[in-house]
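Remarks on the structure that follows.
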Amino acid sequence: MEIMNTTPAKIKKIKKRPCGDSCPLEPNLSKTAAKVGMVASLGVTFTSGILKFKGAKPLHIWASVAFVGFTIMHCAAYKTPKRITK
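Structural data, given as structure tokens:
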């Protein structure tokens, strides 16, 4: 595809989702959901690590798993495009 020799009227702006078609949400909403989820799950992990009650250990484990999941979602939302080499 040669963009250099085309006029601006012929260039179509194509919005590509940063994480491909695997994202269930729109890009901005996906990024926001990942950030909010990471903060919430990290807060629950921290709180359940400090507090001592009967359900603290399972809550700590599940919040840690959720944090890893939101981290993967965050990395997928901010995935950099591959560079084309000459």
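Heads up: the sequence shown begins at 34 in our numbering, then just goes up one per residue. Where is the CB? At the ideal position from N, CA and C, for every residue including glycine.
{"query": "Counting C-beta neighbours from all protein chains within 10 Å, is the total for Phe103 16 or more, i.e. buried, or is it exposed?", "result": "buried"}
{"query": "Under the assumption that Lys75 contacts Phe100 (Cβ atoms under 8 Å), give the Cβ distance between them as a whole number of angstroms.", "result": "Reading off the sequence shown, one finds Leu at residue 75, where the question assumed Lys. Their Cβ separation, rounded to whole angstroms, is 6 Å, which keeps Leu75 and Phe100 in contact under 8 Å."}
{"query": "Assuming Val77 and Ala96 make a contact with CB atoms under 8 Å, what is their CB distance in whole Å?", "result": "4 Å"}
{"query": "Around the Cβ of Tyr111, are there at least 16 other Cβ atoms within 10 angstroms (buried) or fewer (exposed)?", "result": "exposed"}
{"query": "State the DSSP-derived secondary structure class of Met106, mapped to helix, strand or coil.", "result": "helix"}
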